[in-house]
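Asks: Numbering (the working numbering), first residue to last: 1 to 228.
We put the CB at the ideal spot given by N, CA and C, even for glycine.
Before anything else, here's the structure in question.
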């Protein structure tokens with residue numbers, strides 16, 4: 001866990017891939033538990049989340065007032081998150097806007113879930129909108145991979161992973177929404193966790209009204225190479 005910023009109102013933290021935000025299985029740590037230890041049991045408000053295998057920046061509230069303000073920003077567009085994703089193959093366009101309808105399907109008795117591309121007529125499906133831009137391409141042996149800059153207009157369950165897979169460009173090492181190629185590239189490249197990074201976040205400070213911007217460059221060597 002790396003703390004990017006902390007004051008008496010908020011915390012901005014880098015979540016490692018493979019760690020749950022909260023409610024991890026017995027015997028496994030989760031980010032909220034670690035932060036509560038750091039705060040000595042003081043209030044901690046969870047404003048937004050990331051999937052367990054995804055690395056990235058998260059903002060937490062240290063007061064109920066800050067939690068309410070940040071949650072409002074999340075719903076009205078005042079809290080913005082941007083991502084980089086390393087995907088298999090070449091994107092169909094240099095930039096694009098994906099509009100899909102997603103429903104959530106349960107996976108067996110253990111409580112797992114996955115997002116499923118559906119249609120507008122399905123009453124259980126919700127509209128998911130994603131914008132992408134190609135940053136660059138490189139090769140992993142004989143396989144092409146592309147780095148996408150991504151922003152989302154909606155915050156649906158597993159939205160980015162499901163929509164990119166449906167586009168034909170699954171994220172490298174995504175075991176849930178990927179395919180044989182994404183697994184093969186992950187093995188060749190030595191990438192263990194899904195290559196999706198929530199590496200930029202901006203919001204209005206709930207107390208001072210100041211614009212807060214945070215970003216970092218992921219350690220993934222292919223991402224670092226293409227961002228340059």
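Among the residues of its own chain, which have a CB less than 6 angstroms from the CB of residue 36, if the five just before and after it don't count?
Replies: By 1-based counting over the chain shown, the position of residue 36 is 36. The residues are 44.
Asks: Going by DSSP in three states, residue 29 sits in which element: helix, strand or coil?
Replies: Stepping through the chain shown from its first residue, residue 29 is reached at position 29. Residue 29 falls in the coil class under three-state DSSP.
Asks: Check residue 38 in the structure and name its three-state DSSP category.
Replies: Counting from 1 along the chain shown, the entry for residue 38 is found at position 38. Note: residue 38 maps to helix in three-state DSSP.
Asks: Alpha carbon to alpha carbon, how far is residue 10 from residue 168? Give it in angstroms, no decimals.
Replies: Within the chain shown, the letter at position 168 stands for residue 168. Within the chain shown, the letter at position 10 stands for residue 10. In a straight line, the C-alpha of residue 168 is about 38 angstroms away from that of residue 10.
Asks: For the stretch 32–106, which segments carrying the alpha helix (DSSP H) assignment without a break, of at least 4 residues, lie completely within its bounds, in sequence order?
Replies: 64–76
Asks: Could you tell me the alpha carbon to alpha carbon distance between residue 200 and residue 218, rounded to whole angstroms?
Replies: Indexing the chain shown from 1 puts residue 200 at position 200. Indexing the chain shown from 1 puts residue 218 at position 218. Their Cα atoms are separated by approximately 11 angstroms.
Asks: Could you tell me the alpha carbon to alpha carbon distance between residue 127 and residue 204, rounded to whole angstroms?
Replies: Translated into the one-based positions of the chain shown, residue 127 becomes position 127. Translated into the one-based positions of the chain shown, residue 204 becomes position 204. Going from the Cα of residue 127 to the Cα of residue 204 covers about 26 angstroms.
Asks: May I ask you to report which of helix, strand or coil DSSP gives residue 157?
Replies: Taking the chain shown and counting its residues from 1, the one referred to as residue 157 is at position 157. In this structure, residue 157 counts as coil in the three-state DSSP scheme.
Asks: Throw me the rounded Cβ distance for the residue 54 and residue 22 pair, which I believe falls under 8 angstroms.
Replies: In the chain shown, counting from the first residue as 1, residue 54 sits at position 54. In the chain shown, counting from the first residue as 1, residue 22 sits at position 22. Rounded to the nearest angstrom, the Cβ distance from residue 54 to residue 22 is 15 angstroms, too far for a contact under 8 angstroms.
Asks: For residue 92, does the count of other Cβ atoms within 10 angstroms reach 16, so buried, or fall short, so exposed?
Replies: To locate residue 92, count along the chain shown from 1; it is residue 92. Label assigned to residue 92: exposed.
Asks: Within 10 angstroms of its Cβ, does residue 122 collect 16 or more other Cβ (buried), or is it exposed?
Replies: Start at 1 with the first residue of the chain shown, and residue 122 comes out as number 122. The residue is exposed, with fewer than 16 neighbouring Cβ atoms inside 10 Å.
Asks: Could you give the DSSP three-state label for residue 15: helix, strand or coil?
Replies: Within the chain shown, residue 15 is the residue found at index 15, counting from 1. Three-state DSSP puts residue 15 in a strand.
Asks: Alpha carbons only, please: which of 4, 130 and 164 is nearest the one belonging to residue 82?
Replies: Residue 82 sits at position 82 when you count from the first residue of the chain shown. It is 130 whose Cα lies nearest to the Cα of residue 82.
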